[in-house]
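Each remark here refers to the structure printed beneath this line.
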Amino acid sequence: MSQWSQVQQLEIKFLEQVDQFYDDNFPMEIRHLLAQWIESQDWEAASNNEAMATILLQNLLIQVDEQLDRVSQEKNLLLIHNLKRIRKLLQGKYHGNPMHIAVIISNCLREERRILAAASMPVQGPLEKSLQSSVVSERQRNVEHKVSAIKNSAQMTDQDVKYLEDLQEEFDFRYKTIQSLEQSDKNSALIKQEMLALQAMLNTLDYKRKEVLSKIGRVIHEIDMLMSNMLTEELLDWKRRQQIACIGGPLHGGLDQLQNCFTLLAESLFQVRRQLEKLDELLTRLTYDGDPIPVQRPQLLEKVNFLLYNLFRNSFVVERQPCMPTHPQRPMVLKTLIQFTVKLRLLIKLPELNYQIRVKATIDNNRRFVLCGTHVKAMNMDESANGSLSVEFRHLQPKEMKSSAGSKGNEGPHMVTEELHSISFETQVCLYGLTINLETSSLPVVMISNVSQLPNAWASIIWYNLSTNDPQNLSFFNNPPAATLSQLLEVLSWQFSSYVGRGLNSEQLNMLAEKLTGQQVSYNDYQLSWAKFCKEHLPGKSFTFWVWLEAILDLIKKHILPLWIDGYVMGFVSKEKERILLKDKTPGTFLLRFSESNLGGITFTWVDQLENGDVTFHSVEPYNKGRLSALPFADILRDYKVIMADNVPENPLKYLYPDIPKDKAFGKHYSCQPNEVSKPSDGGGKGYVPSVFIPVSKILNDSTDPPSPSDLLPMSPSVYAVLREHLSPTVIETAVRYKLF
Numbered sequence: 001m002s003q004w005s006q007v008q009q010l011e012i013k014f015l016e017q018v019d020q021f022y023d024d025n026f027p028m029e030i031r032h033l034l035a036q037w038i039e040s041q042d043w044e045a046a047s048n049n050e051a052m053a054t055i056l057l058q059n060l061l062i063q064v065d066e067q068l069d070r071v072s073q074e075k076n077l078l079l080i081h082n083l084k085r086i087r088k089l090l091q092g093k094y095h096g097n098p099m100h101i102a103v104i105i106s107n108c109l110r111e112e113r114r115i116l117a118a119a120s121m122p123v124q125g126p127l128e129k130s131l132q133s134s135v136v137s138e139r140q141r142n143v144e145h146k147v148s149a150i151k152n153s154a155q156m157t158d159q160d161v162k163y164l165e166d167l168q169e170e171f172d173f174r175y176k177t178i179q180s181l182e183q184s185d186k187n188s189a190l191i192k193q194e195m196l197a198l199q200a201m202l203n204t205l206d207y208k209r210k211e212v213l214s215k216i217g218r219v220i221h222e223i224d225m226l227m228s229n230m231l232t233e234e235l236l237d238w239k240r241r242q243q244i245a246c247i248g249g250p251l252h253g254g255l256d257q258l259q260n261c262f263t264l265l266a267e268s269l270f271q272v273r274r275q276l277e278k279l280d281e282l283l284t285r286l287t288y289d290g291d292p293i294p295v296q297r298p299q300l301l302e303k304v305n306f307l308l309y310n311l312f313r314n315s316f317v318v319e320r321q322p323c324m325p326t327h328p329q330r331p332m333v334l335k336t337l338i339q340f341t342v343k344l345r346l347l348i349k350l351p352e353l354n355y356q357i358r359v360k361a362t363i364d365n366n367r368r369f370v371l372c373g374t375h376v377k378a379m380n381m382d383e384s385a386n387g388s389l390s391v392e393f394r395h396l397q398p399k400e401m402k403s404s405a406g407s408k409g410n411e412g413p414h415m416v417t418e419e420l421h422s423i424s425f426e427t428q429v430c431l432y433g434l435t436i437n438l439e440t441s442s443l444p445v446v447m448i449s450n451v452s453q454l455p456n457a458w459a460s461i462i463w464y465n466l467s468t469n470d471p472q473n474l475s476f477f478n479n480p481p482a483a484t485l486s487q488l489l490e491v492l493s494w495q496f497s498s499y500v501g502r503g504l505n506s507e508q509l510n511m512l513a514e515k516l517t518g519q520q521v522s523y524n525d526y527q528l529s530w531a532k533f534c535k536e537h538l539p540g541k542s543f544t545f546w547v548w549l550e551a552i553l554d555l556i557k558k559h560i561l562p563l564w565i566d567g568y569v570m571g572f573v574s575k576e577k578e579r580i581l582l583k584d585k586t587p588g589t590f591l592l593r594f595s596e597s598n599l600g601g602i603t604f605t606w607v608d609q610l611e612n613g614d615v616t617f618h619s620v621e622p623y624n625k626g627r628l629s630a631l632p633f634a635d636i637l638r639d640y641k642v643i644m645a646d647n648v649p650e651n652p653l654k655y656l657y658p659d660i661p662k663d664k665a666f667g668k669h670y671s672c673q674p675n676e677v678s679k680p681s682d683g684g685g686k687g688y689v690p691s692v693f694i695p696v697s698k699i700l701n702d703s704t705d706p707p708s709p710s711d712l713l714p715m716s717p718s719v720y721a722v723l724r725e726h727l728s729p730t731v732i733e734t735a736v737r738y739k740l741f
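According to UniProt numbering, the sequence shown is numbered sequentially starting from 1.
Set out below in structure tokens:
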């Protein structure tokens, strides 16, 4: 079943979450019509490879054209119209930046997998629940409402200032007219009446000046309160959501909404600034005793400038954290002399700033590392599909400096994976007479010099971003805090949903909890130390919990991914629980679990029944990546044979737990059906006959040791085909048996 088919079967509350991240950037119609094709492409790799992204975009447009041809024949007018519109939109939006659509589709697929994993959980995890709080959603709506109200107030004040300007011009004209008269004419009754009218007009001017200043003051106060409270909280929440997304959590939307709020507030502040400048201009033409402008205007202008400084400083954010293109799901782990990408955005989107802001990237202040490559670039609105004012550094490389003694510092396999560093960015904005220096930094990164350090470095990134929302605590691991077990388990499930397409259910998480703590505990109350997670060896083992788990992730990704995504690998189940599950099942029922003693190993255990009715269990020696590189795991399950004492070899695996026929579960993953092997006439390359490998174990009646796979036995497809044509299965098995000896 395709991922999209699984999504469509979700409950309505999960479908509403899916609906939130499909828009004109990637329309749901395309996701629906091209579901299988989309899922078969490597969008994740393309998101960091422009050539690959270009090809995928071209192929996507070809797929859309093919759908257009199909619906044109069906005369589906509405769908024809929508597909034409979507094709034009995709072509126009991503032609100059194909990697952006690869990022969007990759994120959408990943978010679908996360939602599918969440749907399989009995309850929503604590972290995800906090991120989707109704209080947060309500505040978002309030911020947008207040920003819109402030913008309207600033525009209304513009009209008041215009009225004040017109009134003052009329006063100025009438006053100058009287002043131009002869002295004798000024004493006439008509002129005296005009002077009284001018005095009344001056009183009105004074009232309107005070009213305009009061309205400007209220707008400034409303902006100040919004920035100090709700907008600041909204920005901090977005940054926290970004932290969680970086370690596999829900995608962090909302930046476009924040950009809209920041931009409208900046426009309102600049509008108020122009209003104050207009009042200063009116002041130079007319002032009087008790004039409120010279008293209030300087204070208001100072406050506006202060708010603009703060607004710009907060608007300079890291939109996409540092990440190596070779490891897109391990952000913030950087390898020396390997390029990484990072993207920044200014949330104040003003056309006047396009290509006017040059950003400089640096690393740390301890001079241990330097950045090589293009580290100064201009922000622009052309590279982003949504037209945001941003800049993406794509060719930065960290390099470790040599020590004063001439040898390299810690470069090599002993580089500390708990040492945190920061990528810093600085720029300057010059606009309307203001000069504002801006600075921001990435989340802490870990430097490695060898890929073997990646697992432990990633563990550091997970623990930091799970445990703190402080974006710059570089001394965090001097005394790392404990983590709540419930939150840690949720993050571990995210590692599986984001990296291998399927998260963990409650039973699997229970097993991990027991492995971490050595006992059955309450998720909500238990605090787990960093040492337990990543430093101390598991009891009786030569490796830590995290090294064990990371090896399993690698095993799934490289060797059993389709089986894992289909949900046929129970994986995390103890030997004791395994026997409880199997003991009442039909003989030949088996399940797949990860080895607890071998790194990156997977085994299967089946239940059998002795002649006296007793139940017995057999577990094969774990298969590691070496064996699985030689033979696909699905083929092993299909072809596996066991020799019991003097019996002929037979496959003991009949039903996948609880009662799924083996071929029904794994048939589509077999590399070829047994009856599809080559005939002798087919031959092999260069005169050789192709061979087939059959995994076999031998179990002795008096043996208490678990069975182990023998060396894989070669049998050519042609020989196997001939045997099937001329001999019965029993005779074939007997022949295989004698071949063993």
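Where a beta carbon is used, it is the ideal one built from N, C-alpha and C, also for glycine. The model shown is predicted, which means the values in this text are computed figures rather than measured ones.
Beta-carbon proximity list for residue i, same chain, < 7 Å, skipping 5 on both sides
{"i": "LYS583", "result": "VAL607 and VAL615"}
{"i": "ASP280", "result": "ARG297"}
{"i": "PHE21", "result": "CYS108, GLU111, LEU251 and GLY253"}
Inter-residue spacing [alpha-carbon to alpha-carbon] between residue i and residue j
{"i": "LEU264", "j": "LEU346", "result": "13 Å"}
{"i": "LEU89", "j": "GLN6", "result": "28 Å"}
{"i": "GLU536", "j": "ASN478", "result": "17 Å"}
{"i": "SER718", "j": "LEU631", "result": "With a pLDDT of only 48 at SER718, under the threshold of 50, the placement of this residue in the model should not be trusted, and no figure is reported."}
{"i": "ALA189", "j": "ARG174", "result": "16 Å"}
{"i": "LEU591", "j": "ALA665", "result": "12 Å"}
{"i": "GLU144", "j": "ARG87", "result": "32 Å"}
{"i": "ASN450", "j": "SER629", "result": "24 Å"}
{"i": "TYR526", "j": "GLY501", "result": "28 Å"}
{"i": "GLU170", "j": "GLN199", "result": "13 Å"}
{"i": "LYS625", "j": "ILE552", "result": "10 Å"}
{"i": "ILE338", "j": "SER72", "result": "49 Å"}
{"i": "ILE30", "j": "PHE270", "result": "42 Å"}
{"i": "SER497", "j": "ARG113", "result": "6 Å"}
{"i": "LEU307", "j": "ASP224", "result": "7 Å"}
{"i": "GLN179", "j": "GLN155", "result": "36 Å"}
{"i": "VAL359", "j": "PHE312", "result": "14 Å"}
C-beta neighbour in chain B for residue i, strict 9 Å
{"i": "VAL161", "result": "Note that chain B does not occur in the displayed structure, where there is just one protein chain."}
Start and end residues, beta strand (DSSP E) containing residue i
{"i": "SER619", "result": "615-619"}
{"i": "THR589", "result": "589-594"}
{"i": "LEU337", "result": "Element bounds for LEU337: n/a, residue is neither H nor E."}
{"i": "CYS108", "result": "Here CYS108 belongs to no beta strand (DSSP E); instead the alpha helix (DSSP H) covers 98-119."}
{"i": "VAL370", "result": "369-372"}
Proximal residues to residue i (C-beta, below 6 Å), its chain only, five neighbours per side dropped
{"i": "PHE14", "result": "ILE115 and ALA119"}
{"i": "LEU60", "result": "none"}
{"i": "residue 750", "result": "Look at the range of the chain in this structure, 1 to 741, and you will see that residue 750 is not part of it."}
{"i": "LEU282", "result": "GLN168"}
Local conformation of residue i per DSSP, three classes
{"i": "ALA45", "result": "helix"}
{"i": "ILE216", "result": "helix"}
{"i": "LYS151", "result": "helix"}
{"i": "GLY406", "result": "With a pLDDT of 44 at GLY406, under the threshold of 50, the modelled position of that residue is not reliable, and no figure is offered here."}
{"i": "GLN20", "result": "helix"}
{"i": "SER681", "result": "Note that SER681 scores a pLDDT of 44, beneath 50, so its modelled location is shaky and nothing firm can be said."}
{"i": "ASP364", "result": "coil"}
{"i": "SER2", "result": "coil"}
{"i": "GLU392", "result": "strand"}
{"i": "GLU611", "result": "coil"}
{"i": "ASN380", "result": "strand"}
{"i": "LEU723", "result": "In this predicted model, LEU723 has a pLDDT of only 47, less than 50, meaning its place in the structure is not dependable enough to derive any value."}
{"i": "THR157", "result": "helix"}
Run of the alpha helix (DSSP H) containing residue i, from where it starts to where it stops
{"i": "ASP237", "result": "232-246"}
{"i": "CYS430", "result": "Not the alpha helix (DSSP H): CYS430 falls in the beta strand (DSSP E), residues 423-431."}
{"i": "VAL64", "result": "50-74"}
Spatial neighbours of residue i in its chain, beta-carbon cut-off 8 Å, leaving aside the 5 residues before and after
{"i": "ALA405", "result": "Bear in mind that a pLDDT of 42 at ALA405, under 50, signals an unreliable position, so the number given afterwards is only what the model happens to contain. There are no such residues."}
{"i": "VAL573", "result": "GLU507, GLN508, MET511, LEU581, LEU591 and ARG593"}
{"i": "LYS146", "result": "GLU222, LEU226 and MET230"}
{"i": "HIS32", "result": "TRP4"}
{"i": "VAL333", "result": "MET324, HIS327, VAL445, VAL446, ILE448, LEU454, ALA457, TRP458 and ILE461"}
| field | Contiguous beta strand (DSSP E) assignments of at least 3 residues, all confined to the segment 264-323 | value | The qualifying runs are 316-323.
| request: For the segment 441-507, list the alpha helix (DSSP H) runs that are entirely contained and at least 4 residues long, ordered along the chain. | output: Within the segment 441-507, the complete alpha helix (DSSP H) runs of at least 4 residues are 454-467 and 485-499.
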